[in-house]
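Trainee: Below is the structure I would like to discuss, written out as structure tokens.
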Amino acid sequence: MRDLSSIPFSVLDLAPVRAGGSVAESLRETLDLARHCERWGFRRFWLAEHHNMTGIASAATSVVIGYVACGTETIRVGSGGVMLPNHSPLVVAEQFGTLESLYPARIDLGIGRAPGTDQRTARALRRNLTGGEDDFAADVAELLSYFAPAGPGQAVRAVPGAGLNVPVWLLGSSLYSARLAAALGLPFAFASHFAPDYLVPALEIYRGQFRPSAMLREPYAMPALNVFAAETEAEARRLFTSVQQAFVNLRRGAPGPLPPPFEATEGRWSEIERAGIERALAYSVVGSPEGVRRGLEAFADFTKADELMLTAQIFDHAARLRSFEIVADVGGAARDGRGGRASSADGS
53 MRDLSSIPFS VLDLAPVRAG GSVAESLRET LDLARHCERW GFRRFWLAEH
103 HNMTGIASAA TSVVIGYVAC GTETIRVGSG GVMLPNHSPL VVAEQFGTLE
153 SLYPARIDLG IGRAPGTDQR TARALRRNLT GGEDDFAADV AELLSYFAPA
203 GPGQAVRAVP GAGLNVPVWL LGSSLYSARL AAALGLPFAF ASHFAPDYLV
253 PALEIYRGQF RPSAMLREPY AMPALNVFAA ETEAEARRLF TSVQQAFVNL
303 RRGAPGPLPP PFEATEGRWS EIERAGIERA LAYSVVGSPE GVRRGLEAFA
353 DFTKADELML TAQIFDHAAR LRSFEIVADV GGAARDGRGG RASSADGS
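Numbering-wise (the working numbering), the sequence shown opens with residue 53 and increments by one.
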């Protein structure tokens with residue numbers, strides 16, 4: 053089994069809006085979680101772009117990243133991710149060039165290919181819905197060019213952005229971004245916390261086809277998984293029911309704020325829905341401290357991860373804090389202070 057103390061842990065926070073709660077409350081709790089994770093030794097704290105979803109408060113992702121970076125001191129803060137098809141590459145470069153200028157050596161730019169929303173909302177974002185995979189690859193190349201030092205006579209440059217060392221990650225839930233990350237020599241994060249089916253082939257493609265670049269000499273893979281930790285397995289299972297309900301509500305076409313947990317799942321959904329939950333959330337570690345330790349060890353050993361990205365949509369903020377504290381303790385993050393160490397994926 054892998055030694056967990058040798059693997060950096062990071063956090064993906066969806067800034068969940070609880071049923072009965074508010075966006076303002078959610079964002080305050082996101083900052084509070086980031087401050088705790090910094091103290092516990094997590095390396096990164098990422099936020100994700102979603103639109104028209106009343107249960108997620110991080111639609112203006114770069115703004116929330118600035119809020120979190122301003123309220124912390126050492127933890128890296130970034131996007132997991134910015135959905136590049138929704139934006140001009142130049143605007144993204146300017147936004148993250150600004151963040152890097154304000155919080156040097158602490159900003160990550162993870163980019164994804166999906167819109168992060170439904171088709172009607174994508175049109176409202178003024179996204180070019182006729183674009184395909186080739187457009188994404190070209191947009192990534194354009195974005196990377198804006199972070200390079202500006203050349204003589206260059207007509208369009210990112211100000212700020214040009215010449216700044218902003219680490220760019222590719223995010224994926226299928227095989228496409230694995231191939232592109234390998235071809236460009238970029239670090240790669242896989243969304244196995246909700247899209248488990250392609251995890252293994254994506255990692256094989258990424259590592260097998262990786263080409264060293266000026267940004268990264270060797271492949272660097274960070275798969276994501278759900279982790280729900282509590283003092284007892286029964287309590288962890290109860291906390292887990294919130295994200296299970298959220299998944300079912302999304303599939304029913306009725307997404308909303310994060311629902312409170314309940315004691316028993318019998319009769320809450322159909323057998324088909326139960327099977328869908330088990331498949332989509334297959335990479336979830338739910339349990340007591342010892343069970344979580346075993347689950348994390350098994351996942352790290354199975355994926356040969358260079359880093360783990362952990363997420364947990366937990367209704368009660370105090371329980372969410374306690375869950376990540378348990379994870380930090382079982383992983384050794386709080387003891388070895390690895391959250392402050394840089395890696396080749398951090399632009400060092």
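Beta carbons: idealized from backbone N, C-alpha and C, even for Gly.
1) Buried or exposed: where does serine 265 fall if 16 or more other Cβ atoms within 10 Å of its Cβ makes it buried?
2) What residues in its chain sit with their C-beta under 7 Å from that of alanine 230, if we drop five residues either side in the sequence?
3) Using the Cα positions of methionine 135 and phenylalanine 292, report the straight-line distance between them to the nearest angstrom.
4) My parser needs the alpha helix (DSSP H) runs of 4 or more residues fully inside the region 308-384; what are they?
5) Whole angstroms is fine: what's the gap from glycine 205's alpha carbon to glycine 132's?
6) Considering only C-alpha positions, which residue in the set Ser375, Asp398, Arg372, Pro309 is nearest to glycine 73?
7) Contact between the region 76-91 and the region 340-352 is defined here as three or more beta-carbon pairs at a separation below 8 Å; is this criterion met?
8) What separation, rounded to the nearest whole angstrom, lies between the Cα atoms of phenylalanine 27 and isoleucine 366?
9) Bridge partners for tryptophan 92 per DSSP, in chain order?
10) I need the straight-line Cα distance from methionine 267 to tyrosine 155, nearest angstrom please.
11) Does the beta-carbon distance from serine 375 to valine 279 come in below 9 Å?
12) Closer than 8 Å by C-beta to glycine 399: which residues in its own chain qualify, once you throw out the five before and the five after it? Chain order, please.
13) Output the distance between the C-alpha atoms of glutamate 194 and alanine 202, rounded to the nearest integer angstrom.
14) DSSP three-state call for valine 4: helix, strand or coil?
15) Sorted by chain position, which residues of the same chain lie with C-beta nearer than 7 Å to proline 312's C-beta, five sequence neighbours on each side aside?
16) Taking DSSP's pairing of strands, which residues face phenylalanine 262 in a bridge?
Mentor: In short, the structure shows the following:
1) With fewer than 16 other Cβ atoms inside 10 Å of its own Cβ, serine 265 counts as exposed.
2) Gly224, Phe240, Ala254, Ile257, Tyr258, listed in sequence order.
3) Straight-line Cα distance between these residues: approximately 27 Å.
4) Here the runs fully enclosed are 323-332, 341-355, 369-383.
5) Straight through space, the alpha carbons of glycine 132 and glycine 205 are spaced by roughly 34 Å.
6) Residue Pro309 holds the alpha-carbon nearest to the alpha-carbon of glycine 73 among Ser375, Asp398, Arg372, Pro309.
7) Verdict: no, contact absent.
8) Residue 27 is absent from the model: the chain starts at 53 and stops at 400.
9) Under DSSP, tryptophan 92 shares a beta bridge with no residue.
10) Each residue's Cα considered, the two are about 20 Å apart.
11) Cβ atoms of serine 375 and valine 279: closer than 9 Å.
12) Cβ within range, chain order: Ala157, Asn217, Val218, Pro219, Met267.
13) Between glutamate 194 and alanine 202, the alpha-carbon positions lie close to 13 Å from each other.
14) As displayed, the chain neither begins before 53 nor continues past 400, which places residue 4 out of reach and without an answer.
15) Excluding sequence neighbours, proline 312 sits near Ala71, Ser294, Phe367.
16) Phenylalanine 262 has no beta-bridge partner at all, per DSSP.
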